[in-house]
């Protein structure tokens, strides 16, 4: 399933879930990590968060359906209520990712969120049906870039 590539990115950021010591340190700093699938995220979740790390798969040069539906469903419910909050964006792409990144950035601009870095696009080079549907393996450098982006966002909250 193509959405699995987005989970590969997110797992690199949130590797504290499997590490009790890292999780304790994270909580000791007063940070709480909430990971939600787009279809399970509501306006109340956005309002309760201090920052956002959007991890979106690209599909046909645009945001994948579930992510686009999330933005459509929550956009007006939180408009003018998230102003100035920091965000970061990761796109799992099959070839380019720039269209999906621009689409998400426009939505975040409308919410008046503040980007902490340019969108991180991880290109899985999936150009055949077989490659698109096979599980994605994140290259170590891409995993480190995801981890760094998530860590930077968390550090801004301290």
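Numbering (the numbering used here), first residue to last: 20 to 177.
All C-beta atoms, glycine included, are put in the ideal place defined by N, C-alpha and C.
Continuous alpha helix (DSSP H) stretch holding residue i: start and end
i           : result
residue 159 : 159-175
residue 86  : 84-97
residue 151 : 148-152
residue 123 : 117-129
Cβ distance (whole Å) where residue i is taken to contact residue j below 8 Å
i           : j           : result
residue 108 : residue 143 : With 8 Å as the limit, residue 108 and residue 143 do not qualify as a contact, their Cβ atoms being about 17 Å apart.
residue 178 : residue 139 : Outside the displayed span of the chain (20 to 177) sits residue 178, for which this structure offers no information.
residue 157 : residue 50  : Contact flag wrong, Cβ pair sits at about 23 Å.
residue 135 : residue 172 : 6 Å
Given residue i as reference, the closest of the options once Cα atoms are compared
i           : options           : result
residue 162 : 96, 56, 141       : 141
residue 94  : 151, 57, 118, 120 : 57
residue 59  : 80, 81, 88        : 88
residue 99  : 129, 80, 86, 121  : 129
First and last residue of the uninterrupted beta strand (DSSP E) at residue i
i           : result
residue 59  : From DSSP, residue 59 is part of no beta strand (DSSP E); its letter is neither H nor E.
residue 109 : 105-112
residue 73  : 71-78
Residues near residue i by beta carbon distance below 8 Å, same chain, minus five either side
i           : result
residue 103 : 131, 132, 133
residue 84  : 78
Beta-carbon contacts of residue i that lie in its chain and below 6 Å, excluding the five residues immediately before and after
i          : result
residue 96 : 62
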